[in-house]
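In this note's numbering, the protein residues as written are 545 to 797.
The C-beta atom is built at its ideal place from N, Cα and C for all residues, glycine as well.
Structure record follows, encoded as C-alpha coordinates.
What follows is the structure, encoded as C-alpha coordinates:
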(Lines of atoms letter the chains of each structure in order from A and count residues from 1; the text may use other names and numbers.)
(Lines give C-alpha, C1' and ligand atoms only; values in the text may rest on other atoms or scores of the structure.)
Protein backbone atom coordinates (compact mmCIF):
# COMPACT_ATOMS: atom_id res chain seq x y z
CA UNK A 1 0.00 0.00 0.00
CA UNK A 2 1.46 3.38 -0.95
CA UNK A 3 1.91 6.21 1.54
CA UNK A 4 -0.84 8.46 0.09
CA UNK A 5 -3.48 5.74 0.30
CA UNK A 6 -2.40 4.78 3.81
CA UNK A 7 -2.59 8.42 4.92
CA UNK A 8 -6.06 8.76 3.40
CA UNK A 9 -7.32 5.72 5.31
CA UNK A 10 -5.68 6.88 8.53
CA UNK A 11 -7.39 10.27 8.16
CA UNK A 12 -10.76 8.50 7.89
CA UNK A 13 -9.95 6.41 10.95
CA UNK A 14 -8.91 9.48 12.94
CA UNK A 15 -12.00 11.45 11.91
CA UNK A 16 -10.03 14.07 9.98
CA UNK A 17 -12.09 13.51 6.84
CA UNK A 18 -15.41 11.79 6.23
CA UNK A 19 -15.91 8.48 4.47
CA UNK A 20 -17.69 10.37 1.68
CA UNK A 21 -14.69 12.65 1.15
CA UNK A 22 -12.34 9.67 1.01
CA UNK A 23 -14.57 7.88 -1.50
CA UNK A 24 -14.60 11.02 -3.64
CA UNK A 25 -10.80 11.14 -3.67
CA UNK A 26 -10.59 7.48 -4.68
CA UNK A 27 -13.25 7.94 -7.36
CA UNK A 28 -11.23 10.50 -9.27
CA UNK A 29 -11.02 9.15 -12.81
CA UNK A 30 -8.04 6.84 -13.28
CA UNK A 31 -6.67 8.82 -16.20
CA UNK A 32 -6.98 12.25 -17.76
CA UNK A 33 -7.38 12.36 -21.54
CA UNK A 34 -5.56 15.40 -22.95
CA UNK A 35 -5.89 14.36 -26.57
CA UNK A 36 -2.35 13.21 -27.40
CA UNK A 37 -1.91 11.37 -24.09
CA UNK A 38 -3.97 9.61 -21.47
CA UNK A 39 -2.24 10.49 -18.21
CA UNK A 40 -2.44 7.66 -15.67
CA UNK A 41 -3.50 9.39 -12.46
CA UNK A 42 -3.99 6.13 -10.51
CA UNK A 43 -0.48 4.77 -11.10
CA UNK A 44 0.61 5.66 -7.57
CA UNK A 45 -2.51 4.04 -6.10
CA UNK A 46 -1.87 0.80 -7.99
CA UNK A 47 1.91 0.59 -7.97
CA UNK A 48 3.19 2.95 -5.30
CA UNK A 49 5.08 5.07 -7.86
CA UNK A 50 3.72 7.73 -10.17
CA UNK A 51 3.86 7.68 -13.96
CA UNK A 52 7.15 8.78 -15.54
CA UNK A 53 7.30 10.81 -18.76
CA UNK A 54 9.42 9.26 -21.52
CA UNK A 55 10.73 12.34 -23.30
CA UNK A 56 12.14 10.88 -26.51
CA UNK A 57 9.79 11.37 -29.45
CA UNK A 58 7.64 13.93 -27.63
CA UNK A 59 7.63 17.64 -28.35
CA UNK A 60 8.42 20.04 -25.50
CA UNK A 61 4.80 21.22 -25.67
CA UNK A 62 3.52 17.66 -25.22
CA UNK A 63 5.87 17.06 -22.30
CA UNK A 64 4.77 20.29 -20.62
CA UNK A 65 1.10 19.42 -21.19
CA UNK A 66 1.49 15.97 -19.64
CA UNK A 67 3.28 17.55 -16.68
CA UNK A 68 0.39 20.02 -16.32
CA UNK A 69 -2.08 17.13 -16.06
CA UNK A 70 0.08 15.33 -13.49
CA UNK A 71 0.38 18.42 -11.32
CA UNK A 72 -3.37 19.07 -11.54
CA UNK A 73 -3.96 15.57 -10.21
CA UNK A 74 -1.72 15.98 -7.20
CA UNK A 75 1.60 14.56 -8.36
CA UNK A 76 4.34 16.47 -6.54
CA UNK A 77 7.45 15.12 -8.24
CA UNK A 78 7.69 14.36 -11.95
CA UNK A 79 10.53 12.51 -13.64
CA UNK A 80 11.15 12.97 -17.36
CA UNK A 81 13.59 10.51 -18.96
CA UNK A 82 15.44 10.70 -22.28
CA UNK A 83 15.02 14.46 -22.32
CA UNK A 84 17.29 16.35 -24.71
CA UNK A 85 19.01 19.57 -23.72
CA UNK A 86 16.96 21.57 -26.24
CA UNK A 87 13.64 20.14 -25.06
CA UNK A 88 14.62 20.77 -21.45
CA UNK A 89 15.16 24.45 -22.18
CA UNK A 90 11.70 24.68 -23.72
CA UNK A 91 9.97 22.78 -20.90
CA UNK A 92 11.68 25.07 -18.38
CA UNK A 93 9.65 27.96 -19.78
CA UNK A 94 6.47 26.24 -18.56
CA UNK A 95 7.69 24.52 -15.38
CA UNK A 96 10.60 24.92 -12.95
CA UNK A 97 12.78 22.06 -14.16
CA UNK A 98 16.02 20.65 -12.82
CA UNK A 99 17.91 19.14 -15.73
CA UNK A 100 20.41 16.34 -15.13
CA UNK A 101 22.43 16.51 -18.34
CA UNK A 102 24.48 13.32 -17.93
CA UNK A 103 21.34 11.32 -17.19
CA UNK A 104 19.26 13.12 -19.83
CA UNK A 105 16.55 13.44 -17.18
CA UNK A 106 14.42 16.34 -16.02
CA UNK A 107 12.86 16.66 -12.58
CA UNK A 108 9.88 18.85 -11.70
CA UNK A 109 9.23 19.24 -7.98
CA UNK A 110 11.15 18.11 -4.90
CA UNK A 111 13.28 14.98 -4.67
CA UNK A 112 12.11 13.03 -1.61
CA UNK A 113 14.35 12.13 1.30
CA UNK A 114 15.66 8.56 1.01
CA UNK A 115 13.54 6.09 2.98
CA UNK A 116 14.56 2.71 1.61
CA UNK A 117 15.90 -0.24 3.58
CA UNK A 118 19.48 0.46 2.47
CA UNK A 119 21.66 1.90 -0.26
CA UNK A 120 21.63 1.25 -3.99
CA UNK A 121 25.11 1.02 -5.52
CA UNK A 122 25.40 2.01 -9.17
CA UNK A 123 28.69 0.80 -10.69
CA UNK A 124 30.03 1.23 -14.21
CA UNK A 125 32.69 -0.60 -16.15
CA UNK A 126 33.95 2.60 -17.72
CA UNK A 127 33.40 6.33 -17.96
CA UNK A 128 31.56 5.87 -21.26
CA UNK A 129 28.83 3.98 -19.39
CA UNK A 130 28.06 6.92 -17.10
CA UNK A 131 25.06 8.34 -19.05
CA UNK A 132 23.14 5.06 -18.65
CA UNK A 133 24.28 4.74 -15.04
CA UNK A 134 23.16 8.28 -14.27
CA UNK A 135 19.70 7.54 -15.68
CA UNK A 136 19.51 4.64 -13.22
CA UNK A 137 20.88 6.68 -10.32
CA UNK A 138 18.59 9.67 -10.89
CA UNK A 139 15.55 7.40 -11.27
CA UNK A 140 16.26 5.62 -7.99
CA UNK A 141 16.92 8.92 -6.19
CA UNK A 142 13.67 10.50 -7.42
CA UNK A 143 11.78 7.43 -6.20
CA UNK A 144 13.26 7.79 -2.71
CA UNK A 145 16.41 5.65 -2.55
CA UNK A 146 19.90 6.58 -1.41
CA UNK A 147 22.40 5.99 -4.21
CA UNK A 148 26.16 5.37 -4.08
CA UNK A 149 28.03 5.83 -7.37
CA UNK A 150 31.10 3.72 -8.24
CA UNK A 151 32.22 4.78 -11.70
CA UNK A 152 35.01 3.36 -13.89
CA UNK A 153 35.57 0.20 -11.83
CA UNK A 154 35.63 -2.26 -14.71
CA UNK A 155 37.37 -5.61 -14.87
CA UNK A 156 40.19 -4.32 -17.08
CA UNK A 157 41.59 -3.14 -13.74
CA UNK A 158 40.02 -5.46 -11.19
CA UNK A 159 41.79 -3.75 -8.28
CA UNK A 160 39.49 -0.77 -8.87
CA UNK A 161 36.46 -2.94 -8.18
CA UNK A 162 38.02 -4.60 -5.15
CA UNK A 163 38.90 -1.22 -3.62
CA UNK A 164 35.15 -0.68 -3.07
CA UNK A 165 34.35 -3.97 -1.33
CA UNK A 166 32.75 -2.22 1.65
CA UNK A 167 30.22 -0.44 -0.59
CA UNK A 168 29.54 -3.65 -2.53
CA UNK A 169 29.10 -5.79 0.59
CA UNK A 170 26.83 -3.27 2.35
CA UNK A 171 24.47 -2.51 -0.57
CA UNK A 172 20.83 -3.56 -0.57
CA UNK A 173 20.82 -3.65 -4.40
CA UNK A 174 23.60 -3.19 -6.97
CA UNK A 175 23.19 -1.95 -10.53
CA UNK A 176 26.16 -3.00 -12.70
CA UNK A 177 26.37 -1.01 -15.92
CA UNK A 178 28.83 -2.14 -18.59
CA UNK A 179 29.39 -2.41 -22.31
CA UNK A 180 32.07 -4.33 -24.23
CA UNK A 181 31.82 -7.91 -22.85
CA UNK A 182 29.76 -6.89 -19.81
CA UNK A 183 31.89 -8.87 -17.36
CA UNK A 184 31.41 -6.41 -14.48
CA UNK A 185 27.98 -7.85 -13.68
CA UNK A 186 29.33 -11.37 -13.15
CA UNK A 187 32.23 -10.14 -11.03
CA UNK A 188 29.99 -8.10 -8.74
CA UNK A 189 27.41 -10.89 -8.70
CA UNK A 190 30.10 -13.20 -7.35
CA UNK A 191 30.99 -10.79 -4.55
CA UNK A 192 27.67 -9.40 -3.31
CA UNK A 193 24.98 -10.97 -1.11
CA UNK A 194 22.21 -8.74 -2.53
CA UNK A 195 20.30 -8.66 -5.84
CA UNK A 196 22.45 -7.49 -8.76
CA UNK A 197 20.85 -5.87 -11.81
CA UNK A 198 22.94 -5.91 -14.97
CA UNK A 199 22.55 -3.13 -17.50
CA UNK A 200 24.31 -3.80 -20.83
CA UNK A 201 25.26 -0.65 -22.71
CA UNK A 202 25.81 -0.03 -26.40
CA UNK A 203 29.39 1.03 -25.64
CA UNK A 204 32.00 -0.98 -27.54
CA UNK A 205 33.63 -1.73 -30.88
CA UNK A 206 31.97 -3.38 -33.87
CA UNK A 207 31.80 -6.95 -32.63
CA UNK A 208 29.96 -5.80 -29.51
CA UNK A 209 26.95 -5.30 -31.83
CA UNK A 210 25.73 -2.15 -30.04
CA UNK A 211 25.40 -3.87 -26.68
CA UNK A 212 24.18 -7.28 -27.79
CA UNK A 213 27.40 -9.01 -26.70
CA UNK A 214 27.15 -7.46 -23.22
CA UNK A 215 23.46 -8.39 -23.01
CA UNK A 216 24.12 -12.04 -23.88
CA UNK A 217 27.11 -12.21 -21.52
CA UNK A 218 25.03 -10.87 -18.63
CA UNK A 219 22.14 -13.21 -19.40
CA UNK A 220 24.63 -16.10 -19.30
CA UNK A 221 26.24 -15.02 -16.03
CA UNK A 222 27.21 -17.93 -13.81
CA UNK A 223 26.86 -15.72 -10.71
CA UNK A 224 23.66 -16.36 -8.76
CA UNK A 225 21.26 -13.54 -7.93
CA UNK A 226 21.82 -11.62 -11.17
CA UNK A 227 19.00 -10.24 -13.32
CA UNK A 228 19.34 -8.21 -16.51
CA UNK A 229 17.42 -5.37 -18.14
CA UNK A 230 17.52 -4.31 -21.77
CA UNK A 231 20.39 -2.53 -23.49
CA UNK A 232 20.89 1.04 -22.20
CA UNK A 233 17.80 0.74 -19.97
CA UNK A 234 19.09 2.69 -16.98
CA UNK A 235 15.55 3.76 -16.07
CA UNK A 236 14.32 0.17 -15.84
CA UNK A 237 17.24 -0.80 -13.63
CA UNK A 238 16.80 2.20 -11.34
CA UNK A 239 13.07 1.57 -10.99
CA UNK A 240 13.53 -2.12 -10.21
CA UNK A 241 16.33 -1.44 -7.73
CA UNK A 242 14.17 1.10 -5.91
CA UNK A 243 11.28 -1.35 -5.72
CA UNK A 244 13.57 -3.95 -4.13
CA UNK A 245 14.94 -1.29 -1.79
CA UNK A 246 11.39 -0.48 -0.63
CA UNK A 247 10.13 -4.00 0.03
CA UNK A 248 9.52 -2.86 3.61
CA UNK A 249 6.49 -0.95 2.31
CA UNK A 250 5.04 -4.21 1.03
CA UNK A 251 5.51 -5.86 4.41
CA UNK A 252 4.05 -2.89 6.27
CA UNK A 253 1.04 -2.77 3.90
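| Asked | Found |
| --- | --- |
| Give the DSSP-derived three-state secondary structure of residue 562 in the structure shown. | coil |
| For residue 560, count neighbouring C-beta atoms within 10 Å of its own C-beta (all shown protein chains included) and say buried if the count is 16 or more, exposed if not. | exposed |
| Would you kindly check if the distance between the Cβ of residue 586 and the Cβ of residue 611 is under 8 Å? | no |
| Decide if the segment 656 to 664 is in contact with the segment 680 to 700; the criterion is three or more beta carbon pairs, one per stretch, under 8 Å apart. | yes |
| How long is the line joining the alpha carbons of residue 614 and residue 707, rounded to whole angstroms? | 43 Å |
| Where do the ends of the beta strand (DSSP E) carrying residue 694 lie? | 690 to 694 |
| According to DSSP, which residues form a beta bridge with residue 582? | 577 |
| Quick check on DSSP: helix, strand or coil for residue 727? | coil |
| Note the first and the last residue of the continuous alpha helix (DSSP H) segment covering residue 709. | 709 to 714 |
| I think residue 726 touches residue 744, with their Cβ atoms under 8 Å apart; what is that distance to the nearest whole Å? | 5 Å |
| Could you tell me the distance, in whole angstroms, from the CA atom of residue 718 to the CA atom of residue 791? | 15 Å |
| Tell me the rounded alpha-carbon separation between residue 666 and residue 747. | 17 Å |
| Taking 7 Å as the cut-off, is the C-beta of residue 715 nearer than that to any heavy atom in the ligand MN? | Questions concerning the ligand MN fall outside what the structure shown contains, since it holds no ligand whatsoever. |
| Please work out which residues of its chain come closer than 8 Å, Cβ to Cβ, to residue 682, disregarding the five sequence neighbours upstream and downstream, and give them in chain order. | 623, 644, 647, 649, 651 and 782 |
| Alpha carbon to alpha carbon, how far is residue 603 from residue 551? | 36 Å |
| Do you know offhand how far residue 544's Cα is from residue 583's? | The question about residue 544 has no answer, for the chain in this structure spans 545 to 797. |
| Could you tell me the distance, in whole angstroms, from the CA atom of residue 728 to the CA atom of residue 705? | 9 Å |
| Consult DSSP for residue 605 and reduce its assignment to one of helix, strand or coil. | helix |
| With DSSP as the reference, please indicate the residues paired to residue 650 in a beta bridge. | 624 and 643 |
| Answer yes or no: do residue 786 and residue 721 have a C-beta to C-beta separation smaller than 8 Å? | no |
| Of all the options 716, 724 and 765, which has the alpha carbon lying nearest to the alpha carbon of residue 698? | 724 |
| Is residue 675 helix, strand or coil when you go by DSSP? | helix |
| So what does DSSP say about residue 705, is it helix, strand or coil? | helix |
| Residue 610 by DSSP, collapsed to three states: which one? | helix |
| Just tell me which of 751, 710, 609 and 753 has its CA closest to the CA of residue 735. | 710 |
| If you draw a straight line from the C-alpha of residue 764 to the C-alpha of residue 757, how long is it? | 11 Å |
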